[in-house]
Amino acid sequence: MRKNRSDAVHIMMCCSALAKHNTNVVLVTPKVKRNGYNVKFSEIFDLYGLEQTFNIKELPTRINEKTQGSLKFWTITIQKLIHFFGFFWSNKRTFSNDETIIYSQCYISAVPYILLRKVGLVSSKIVFTAASIKPKSYLHKFVIRNSDLIIAGLKYTVSDIIKHTGVNKEKFADTPLVFLSNSMRGKEELSKQDCRRELKFIDDKKYILYAGKTGVGKKSVEYFLECAKNLEEFNFVLVGANENTMRYYQRVIKEDNLNNLTVVPFLPLPEYYKYVKAADLLVDYYEATYYNKFYLGPGKSSSYFNSKNPVLFSDLPSLRHLFPEEIVFFVEPDNPKLLIKKVKEILQDEEKMNLKSELAYNYAQKHSFEYTMGKILNFCQSKLHGTS
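To convert a position in the sequence shown, counted from 1, into the working numbering, add 3.
Structural data, given as structure tokens:
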């Protein structure tokens, strides 16, 4: 959890929101050594801009992100299982309570609970969040089939899970969006002008920002760089680089003479939000993979929409399903020339930019984490315990 990429942000925000519904929440997570993410355990809540309204149990694993391939899979699997049983044994009374809900979005971590329940050592209910499914994975099918309820945000995800596992549609929660939030501590006090001044943004320049995964060779980043090369009149900001990718993109800037591109390192969420707030256009140009087309639910939409800045996404079925066109600009994926054209078109129509930004902000407020997790909690309680 010591990073603030979208998956970790989503988990932390969910826990925070559940805790606000008079629920005792404990987040159980493995400890992972991450290159470029030097965050102490005591700093986790500040990293996400959250009050400490729930507890975190970080298992004493020694997983290193550098580990590759099958070795990485088995290293993580074995360590998770070993340390899970230690955690289970010290909390066995909690798991023998059928009022306890085990709420997971990790296939590997869900397995021990299921196995222990099969032999009668766990009586707690299991609710699983499935962002996607691998059709040939026995692990995915095993977890889905043995969970009491499934949370899946997209109709495509639900359809694929039913197709490949045969589970009943009644298992699925019909919930609103689960990744928009207006709850980040301190963000309400930020103004666009103050953020631009603090970050030394030039007054008469337009800033286009991409925030997210910045791996070398990642298509969405390469397309963003192509924009910067062809739109010298605008400034481009790439946020989220770790030590390795920072060195790579600094070399790209020098070799390609990209004086209008700034690369920003990994930041705590409140600091990252200042860049999002200060920008003029927020972009993530996802490539059209099967996952992106049918499973994608971008966690960054939380900060993007709350910034009151216009947002440009790839035109993908998943994003069309999640976001009405009146709140987001869409452009055909995997076509850098069209992306460049669309960026110029958007920045020339300030009235449309302002309208979509305002509607997106209102949309985000309606679908806050507190609202959504309240809906999910009511669904779980009514289905599992006959209460709400």
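Just so you know, even glycine gets a beta-carbon here, dropped at the ideal spot from N, CA and C.
Rounded straight-line distance, which links the Cα of residue j to that of residue i
| i | j | result |
| --- | --- | --- |
| residue 359 | residue 101 | 46 Å |
| residue 224 | residue 296 | 18 Å |
| residue 305 | residue 98 | 33 Å |
| residue 371 | residue 389 | 25 Å |
| residue 60 | residue 209 | 43 Å |
| residue 77 | residue 106 | 23 Å |
| residue 81 | residue 87 | 10 Å |
| residue 196 | residue 206 | 9 Å |
| residue 275 | residue 123 | 46 Å |
| residue 216 | residue 11 | 13 Å |
| residue 155 | residue 136 | 11 Å |
| residue 121 | residue 303 | 38 Å |
| residue 384 | residue 153 | 13 Å |
| residue 367 | residue 309 | 6 Å |
| residue 351 | residue 357 | 12 Å |
| residue 311 | residue 363 | 7 Å |
| residue 240 | residue 214 | 8 Å |
| residue 353 | residue 150 | 48 Å |
| residue 84 | residue 378 | 31 Å |
| residue 89 | residue 166 | 36 Å |
| residue 329 | residue 317 | 15 Å |
| residue 25 | residue 171 | 30 Å |
| residue 199 | residue 50 | 21 Å |
| residue 143 | residue 54 | 34 Å |
| residue 337 | residue 320 | 14 Å |
| residue 118 | residue 269 | 38 Å |
| residue 36 | residue 15 | 18 Å |
| residue 115 | residue 6 | 26 Å |
| residue 387 | residue 222 | 43 Å |
| residue 109 | residue 145 | 13 Å |
| residue 94 | residue 193 | 42 Å |
| residue 139 | residue 173 | 23 Å |
| residue 231 | residue 162 | 39 Å |
| residue 92 | residue 258 | 56 Å |
| residue 369 | residue 361 | 13 Å |
| residue 28 | residue 202 | 37 Å |
| residue 253 | residue 46 | 28 Å |
| residue 313 | residue 204 | 18 Å |
| residue 141 | residue 79 | 18 Å |
| residue 365 | residue 271 | 25 Å |
Nearest-angstrom beta carbon gap, residue j and residue i [assumed within contact, 8 Å]
| i | j | result |
| --- | --- | --- |
| residue 326 | residue 345 | With a Cβ gap of about 16 Å, residue 326 and residue 345 do not count as contacting. |
| residue 322 | residue 299 | 7 Å |
| residue 294 | residue 242 | No, residue 294 and residue 242 are not in contact; Cβ-Cβ is about 23 Å, not under 8 Å. |
| residue 130 | residue 104 | 6 Å |
| residue 48 | residue 176 | With a Cβ gap of about 27 Å, residue 48 and residue 176 do not count as contacting. |
| residue 168 | residue 147 | 5 Å |
| residue 52 | residue 273 | 4 Å |
| residue 226 | residue 307 | Not really, about 17 Å apart at Cβ, beyond 8 Å. |
Residue i vs residue j beta-carbon contact at 7 Å
| i | j | result |
| --- | --- | --- |
| residue 133 | residue 164 | yes |
| residue 348 | residue 341 | no |
| residue 64 | residue 34 | yes |
| residue 235 | residue 339 | no |
| residue 128 | residue 373 | no |
| residue 30 | residue 17 | no |
| residue 251 | residue 219 | yes |
| residue 247 | residue 343 | no |
| residue 291 | residue 266 | no |
| residue 376 | residue 20 | yes |
| residue 13 | residue 157 | no |
| residue 237 | residue 256 | no |
Residue i beta carbon near the ligand MN (any heavy atom closer than 6 Å)
| i | result |
| --- | --- |
| residue 29 | The model on display carries no ligand, and the ligand MN is accordingly not part of it. |
CB contact check: residue i to chain C, cutoff 7 Å
| i | result |
| --- | --- |
| residue 122 | Of the protein chains in the structure, only one exists, and it is not chain C. |
The segment 249-267 / the segment 280-296 touching (three or more Cβ pairs under 8 Å): Fewer than three Cβ pairs drawn from the segment 249-267 and the segment 280-296 lie within less than 8 Å of each other, which leaves the two stretches out of contact.
Every unbroken beta strand (DSSP E) inside the segment 23-61 [3 residues or more]: Qualifying beta strand (DSSP E) stretches, in chain order: 29-36.
Sequence ranges, alpha helix (DSSP H) only - wholly within the segment 232-259, length at least 4: With a minimum length of 4 residues, the continuous alpha helix (DSSP H) runs that stay inside the segment 232-259 are 246-259.
Ranges of the beta strand (DSSP E) found wholly within the segment 286-317, counting only runs of at least 3: Runs of the beta strand (DSSP E) inside the segment 286-317: 314-317.
Any alpha helix (DSSP H) of 4 or more consecutive residues that is wholly inside the segment 337-367: Within the segment 337-367, the runs of alpha helix (DSSP H) at least 4 residues long that lie entirely inside it are, in chain order, 339-350.
Minimum length 3: unbroken beta strand (DSSP E) runs contained in the segment 101-128: With a minimum length of 3 residues, the unbroken runs of beta strand (DSSP E) contained wholly in the segment 101-128 fall at 104-107.
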